[in-house]
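These notes are about the structure you will find just below.
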Amino acid sequence: MQANKELKLGIPKGSLEEMTIELFKKSGWKISTTSRSYFPSIDDDSIRCSMARPQEMSRYVEMGTLDVAITGKDWTLENSSDIHVVCEMVYSKTSFRPTRWVLAVPQDSPIKKIEDLKGKRVSSEMVNFTKRYFAERNIPVTVEFSWGATEAKAAEGLVDAIVEVTETGTALRANRLRIIDTVLESNTQLVANATALADNWKRTKLENMALLLKAAIEAQGRVGIMLNVRRTDLDSVLSLLPALQRPTISALSDADWVAVNTIIEERTVRDLIPRLKNANAQGIVEYPLNKIVM
Numbered sequence: 240m241q242a243n244k245e246l247k248l249g250i251p252k253g254s255l256e257e258m259t260i261e262l263f264k265k266s267g268w269k270i271s272t273t274s275r276s277y278f279p280s281i282d283d284d285s286i287r288c289s290m291a292r293p294q295e296m297s298r299y300v301e302m303g304t305l306d307v308a309i310t311g312k313d314w315t316l317e318n319s320s321d322i323h324v325v326c327e328m329v330y331s332k333t334s335f336r337p338t339r340w341v342l343a344v345p346q347d348s349p350i351k352k353i354e355d356l357k358g359k360r361v362s363s364e365m366v367n368f369t370k371r372y373f374a375e376r377n378i379p380v381t382v383e384f385s386w387g388a389t390e391a392k393a394a395e396g397l398v399d400a401i402v403e404v405t406e407t408g409t410a411l412r413a414n415r416l417r418i419i420d421t422v423l424e425s426n427t428q429l430v431a432n433a434t435a436l437a438d439n440w441k442r443t444k445l446e447n448m449a450l451l452l453k454a455a456i457e458a459q460g461r462v463g464i465m466l467n468v469r470r471t472d473l474d475s476v477l478s479l480l481p482a483l484q485r486p487t488i489s490a491l492s493d494a495d496w497v498a499v500n501t502i503i504e505e506r507t508v509r510d511l512i513p514r515l516k517n518a519n520a521q522g523i524v525e526y527p528l529n530k531i532v533m
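Numbering (my numbering) for the sequence shown: 240 to 533.
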C-alpha cells in the first residue's frame with residue numbers, strides 16, 4: 240500500500256454492530272472484532288477500522304479522526320455535523336427497514352396532540368433535535384437529557400412525554416405509552432468529511448464501498464431462480480414470475496427449450512415453486528444472492 244493510501248472507517252459499536260459487520264461481509268469485506276478491542280481487523284490493507292457509538296460517530300468524522308463512518312441519520316441531525324452523506328442505507332439493529340423517533344405519552348395522559356405539551360417536560364436522548372422540533376412549532380417545552388430507560392420516565396410520571404426511538408413499538412406498549420406523533424424517520428448512512436471526499440483515491444474508495452453496500456442491501460430478502468421450460472409453456476411460466484425487471488431468457492441446445500433466470504422475493508418461493516412445476520417448468524434451482532447492483 241502506498242503512503243497515505245489509507246481510509247479511516249468508523250464501525251458503530253452497540254445495536255448496529257452485528258448488522259453492519261454482516262453487511263460488510265456480504266459486500267466483500269471481512270471485519271473481525273473482539274469484546275475488548277475498539278479497533279477491528281479487516282481484510283483490506285487500505286482500510287483502518289475503529290469502533291464508536293453511533294451517537295458520537297458524526298463528530299469524529301467532522302473532526303477528521305475518521306474519514307468515513309456508518310451512523311444513523313438521527314445522530315447526524317442531532318449533532319448538526321458538517322459532513323456529507325455518501326449513501327443512504329435502510330437497516331436497523333434487527334431489520335432492513337427505517338426506525339422511528341416518536342413522541343409518546345402515558346396511555347391515561349390528558350395530552351392528545353403536540354400543542355397540549357406547552358409548558359411540559361419532555362425527556363429524550365436526542366435533546367438538540369427535540370428542542371428544534373418543538374421550537375419550529377412554537378411550542379415551549381423543557382427538554383431533559385435521558386441517560387436511558389426513557390420509557391420508564393414517562394410511565395412513572397417523572398416527565399410528561401418522551402421522544403424515543405422504536406422499531407416495533409413493543410417497549411412503548413409494555414410501558415403503556417401512546418404515540419402522538421412521529422418526529423423523525425431515520426435510516427443508516429455512510430457519511431464522510433469534505434477532506435476525504437476531496438482526495439481522489441479516498442473518494443473512489445468510498446464510492447466503490449457505497450456501491451457494494453447498497454448492492455448487499457438490495458439483495459436482502461431476495462433469491463435467484465433458474466429453470467428450464469419448453470417454448471410452448473414459456474408464457475405460462477413467465478406469467479408467474481414477478482421479476483426485478485424482466486427475466487433473462489436463454490436458448491438451450493435443444494431448440495424447443497429455453498432457460499429462464501430471474502430474481503424474486505424469498506418469502507414467495509414456497510408458493511411459487513409448486514406453481515412453476517405445475518406450469519411444466521423443469522430443473523428449478525433456487526440460489527442465494529449477496530449483491531444486486533441496480
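Don't be surprised by glycine CBs; every beta carbon is placed ideally from N, CA and C.
Treat the numbers as computed from the prediction; the structure is a model and nothing was measured.
In this chain, the alpha helix (DSSP H) harbouring Phe368 covers 366-374. Ala374 sits exposed, since fewer than 16 C-beta atoms from the chains shown fall within 10 Å of its C-beta. Within the same chain, Cβ atoms closer than 8 Å to the Cβ of Asp399 are found at Val344, Ser348, Ile350, Leu356, Lys359, Arg360, Val361, Ala393, the five residues on either side in sequence being excluded. In the same chain as Leu316, and ignoring 5 residues on each side of it, the C-beta atoms closer than 6 Å to its own belong to Phe368, in chain order.
In the three-state reduction of the DSSP assignment, Val524 falls in the strand class, which pools E and B. Burial state of Gln346 is exposed, judged by a 10 Å Cβ sphere holding fewer than 16 other Cβ atoms. Between Leu429 and Met302, the C-beta spacing is not below 8 Å. For Thr389, the closest C-alpha among the options Ile401, Pro379, Ile503 is that of Ile401.
In the DSSP annotation of this structure, Glu390 is not part of any beta strand (DSSP E); the continuous alpha helix (DSSP H) holding it starts and ends at 389-394. Membership of Val476 in the alpha helix (DSSP H) is indicated by the continuous run 473-477. Gln428 is bridged by DSSP to Thr310, Glu327. Straight through space, the alpha carbons of Glu403 and Ala433 are spaced by roughly 31 Å.
In this structure Pro513 is exposed. Its beta-carbon is surrounded by fewer than 16 other beta-carbon atoms within 10 angstroms.
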